[in-house]
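Our numbering puts the first residue of the sequence shown at 2, with every later residue one more than the last. Take a look at the structure set out below.
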Amino acid sequence: IFKSFKDENGNFKESFGKDVKGLLSLYEASHLAFEGEDLLDEAKEFTRMHLKNLDANHILAEQVNHALELPLHHRMLKLEARWSIEAYSKRFDANQALLELAKLDFNMVQSTLQRELKDMSRWWKALELASKLSFTRDRLMESFFWALGMVCEPQLGNLRKGLTKVIALITVIDDVYDAYGTPEELELFTSSVE
């Protein structure tokens with residue numbers, strides 16, 4: 002497919018350098034290359050060069066700069082929603098109904114995640130690990146974000162909560178190993194877990 006972007010000399014066609022949407026799509030696609038896919042590596046360099054030289058007043062300049070900073074597939078899409086909504090709302094051709102739907106979806110997902118985090122906070126406080134094991138780090142929020150990174154679909158809240166609990170408890174176990182247990186105690190603990 003990508004060979005069609007090249008001319009008879011094997012160079013990318015300069016006419017593609019004027020199609021910003023196409024360049025941006027090709028740039029994003031080039032990041033999905035496997036090792037040894039030289040054509041996509043060349044496409045990445047070609048598109049990066051043209052996108053970096055884009056006029057700052059271009060309608061897609063903000064989106065281009067955002068993609069150059071970090072390609073889309075390296076980002077967490079649900080966390081990316083707010084940026085996308087704000088960027089889209091600045092466009093003169095923005096579909097207002099679509100924009101309102103995106104805002105509504107964002108607010109509903111945010112509300113769901115806040116409820117889950119509140120539940121997790123209650124669970125964490127009920128465990129009383131911070132008072133019983135003073136050396137442990139309070140990393141519940143970080144654990145929740147790790148879980149969110151793995152399971153971002155709003156309807157999978159129970160899975161996200163379960164993962165948050167596992168990650169938080171693994172952090173406590175890590176703290177036991179790092180700061181508290183003697184080598185003998187840690188060997189016994191490791192043996193019992195195995």
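Every residue gets a Cβ at the ideal spot worked out from N, C-alpha and C, and that includes glycine.
- One thing to note: R123 has its Cβ no nearer than 9 Å to the Cβ of T172.
- Q156: not part of any alpha helix (DSSP H); DSSP gives it neither H nor E.
- Under the DSSP assignment, Y181 falls outside any alpha helix (DSSP H); it carries neither an H nor an E label.
- Linking L189 to A180 through their CA atoms gives a straight-line distance of about 16 Å.
- Pairing Q111 with L73, the inter-Cα distance amounts to about 21 Å.
- Only exposed fits W84, as fewer than 16 other CB atoms lie within 10 angstroms of its CB.
- Going by beta carbons, L61 and K19 fall outside the 9 Å limit.
- Residue range 97-128 is occupied by the alpha helix (DSSP H) that includes A103.
- With a threshold of 16 other beta carbon atoms within 10 Å, M77 falls short and is exposed.
- E186 is positioned such that its CB atom lies no closer than 9 Å to that of G158.
- With a cutoff of 9 Å on beta-carbon distance, A88 and E63 are scored as near each other.
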